[in-house]
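Asks: The structure under discussion is supplied below as structure tokens; questions concerning it will follow.
Numbering (the UniProt record's numbering), first residue to last: 1 to 263.
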């Protein structure tokens, strides 16, 4: 049945009527035979036919350990950065004025436009680049209405109280300020003891919508099953084509991006 269905899909509509007439005896025979086969065996045959028609060639990915234990950095650029950097490039006009970033200023330096002043936030006082030492989920020490833009990439999964973190991110933005966020849907652990969350599209819509208002957020998913498998196995995005990476599958995304504006 599955193979016949796929065959019908390839036949032009004007020829399908004739095909139905010619294939009727075959279909009747199949239905009679199908009724005599126990359901469990019928299911197994159907699954086997599906495997034969769409074989899963694992190749070098048929392994229990990843190709890289460092997100693919030792092979090139991690796959998730393809989507992170494209998102920031699309919204680089938001990165202006007084800008805050976490851990270092790599994205301010790369995508900033007319940046007057920058600050680096980190919870680790040993970070020499950090100008603000604070936990974003308890960031009362950071003044309200301060920043024009806050770049918050791949960080919220390490913060247990994400609701408070998003509330503080909103509070420290100036009216009209923009929060640019990326979070993982699929990822290996970076720090197993402090890697709390993975995110979904509805979850992010609810999380940021409650704080910023649904009309002030844009939430999108990026990636597909190939990108997710490549990232988990430690491949670099240079090993995939843009055509492969640009396909979006809302059911199996790799990351989620959020653009939220404080009104």
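C-beta atoms are modelled at their ideal positions from N, C-alpha and C, and glycine is treated no differently.
When DSSP labels each residue in this structure, what does residue 260 get in the three-state scheme?
Replies: Translated into the one-based positions of the chain shown, residue 260 becomes position 260. Residue state for residue 260 is assigned as strand, using DSSP reduced to three classes.
Asks: Would you call the stretch 176-189 and the stretch 121-133 touching, i.e. three or more CB-CB distances under 8 angstroms?
Replies: no
Asks: Could you have a look at residue 185 and say whether DSSP puts it in helix, strand or coil?
Replies: Taking the chain shown and counting its residues from 1, the one referred to as residue 185 is at position 185. Residue 185 falls in the coil class under three-state DSSP.
Asks: How would you label residue 122, buried or exposed, when you count the other beta carbons within 10 angstroms and need 16 or more for buried?
Replies: Here residue 122 refers to the residue found at position 122 of the chain shown. By the 10 Å Cβ count, residue 122 comes out buried.
Asks: Give a yes or no on contact between the stretch 246-260 and the stretch 226-233, applying the rule of three or more CB pairs nearer than 8 angstroms.
Replies: They touch, by the three-pair rule.
Asks: Locate the beta strand (DSSP E) running through residue 149, then write down its first and last residues.
Replies: Within the chain shown, residue 149 is the residue found at index 149, counting from 1. Taken as a continuous stretch (DSSP letters only), the beta strand (DSSP E) holding residue 149 covers 147-153.
Asks: Distance check for residue 80 and residue 144, CA to CA, integer angstroms please.
Replies: If you number the chain shown from 1, residue 144 lands on position 144. If you number the chain shown from 1, residue 80 lands on position 80. If I take the Cα positions, the gap works out to 32 angstroms.
Asks: Do residue 258 and residue 219 have their C-beta atoms closer together than 7 angstroms?
Replies: Residue 258 sits at position 258 when you count from the first residue of the chain shown. Residue 219 sits at position 219 when you count from the first residue of the chain shown. Yes; because the gap between Cβ atoms is below 7 angstroms, this pair is in contact.
Asks: Rounded to whole angstroms, what is the Cα-Cα separation between residue 75 and residue 167?
Replies: Within the chain shown, residue 75 is the residue found at index 75, counting from 1. Within the chain shown, residue 167 is the residue found at index 167, counting from 1. Distance from the CA of residue 75 to the CA of residue 167, rounded to the nearest whole angstrom, comes to 37 angstroms.
Asks: Please state the DSSP three-state secondary structure of residue 130.
Replies: Here residue 130 refers to the residue found at position 130 of the chain shown. If DSSP states are grouped into helix, strand and coil, residue 130 belongs with coil.
Asks: By the 10 Å Cβ neighbour count, where 16 or more other Cβ atoms means buried, how is residue 170 classified, buried or exposed?
Replies: Here residue 170 corresponds to residue number 170 of the chain shown, with the count starting at 1. Residue 170 sits buried, since 16 or more C-beta atoms from the chains shown fall within 10 Å of its C-beta.
Asks: Taking Cβ positions only, does residue 173 come closer than 7 angstroms to chain C?
Replies: Absent from the structure: chain C. Only one protein chain is present.
Asks: Relative to the alpha-carbon of residue 245, which residue among 232, 256, 222, 233 has its alpha-carbon at the smallest distance?
Replies: For the purposes of this step, residue 245 is identified with residue 245 of the chain shown, where counting begins at 1. Restricting attention to 232, 256, 222, 233, the CA atom closest to the CA of residue 245 is found in 222.
Asks: Note the first and the last residue of the continuous alpha helix (DSSP H) segment covering residue 209.
Replies: Along the chain shown, one-based indexing puts residue 209 at 209. Where residue 209 is concerned, the enclosing alpha helix (DSSP H) stretches over 201-212.
Asks: From residue 162 to residue 16, what distance separates their C-alpha atoms?
Replies: Here residue 162 refers to the residue found at position 162 of the chain shown. Here residue 16 refers to the residue found at position 16 of the chain shown. Near 55 angstroms, if we compare the C-alpha coordinates of residue 16 and residue 162.
Asks: For the alpha helix (DSSP H) that residue 167 lies in, which residues bound it at each end?
Replies: The residue you call residue 167 lines up with position 167 of the chain shown. 162-172 is the extent of the alpha helix (DSSP H) around residue 167.
Asks: Where residue 21 and residue 27 are concerned, what is the direct C-alpha to C-alpha distance, given to the nearest angstrom?
Replies: Along the chain shown, read from residue 1 onward, the residue named residue 21 stands at position 21. Along the chain shown, read from residue 1 onward, the residue named residue 27 stands at position 27. Cα-Cα distance, rounded: 10 angstroms.
Asks: Please list the terminal residues of the continuous beta strand (DSSP E) segment that includes residue 217.
Replies: On the chain shown, residue 217 is found 217 positions in, with the first residue counted as 1. Residues 217-222.
Asks: Is it buried or exposed for residue 52, if we count other Cβ within 10 angstroms and need 16 for buried?
Replies: For this step, residue 52 is matched to residue 52 along the chain shown. So residue 52 counts as exposed.
Asks: Hey, residue 77 and residue 92: beta-carbon distance below 7 angstroms or not?
Replies: Within the chain shown, numbered from 1, the residue matching residue 77 stands at position 77. Within the chain shown, numbered from 1, the residue matching residue 92 stands at position 92. Their beta carbons are not under 7 angstroms apart, which means residue 77 does not touch residue 92 by this criterion.
Asks: With DSSP collapsed to three states, give me the class of residue 37.
Replies: For the purposes of this step, residue 37 is taken as the residue at position 37 of the chain shown. Three-state DSSP puts residue 37 in coil, outside helix and strand.
Asks: Between which two residues does the alpha helix (DSSP H) carrying residue 120 extend?
Replies: Counting from one through the chain shown, the residue named residue 120 turns up at place 120. Premise fails: residue 120 lies in the beta strand (DSSP E), 115-122, not in any alpha helix (DSSP H).
Asks: Quick check: the Cα distance between residue 32 and residue 224, rounded to an integer number of angstroms?
Replies: As a first step, residue 32 must be located in the chain shown, where it is residue number 32. As a first step, residue 224 must be located in the chain shown, where it is residue number 224. Going by the C-alpha atoms only, they are around 40 angstroms apart.
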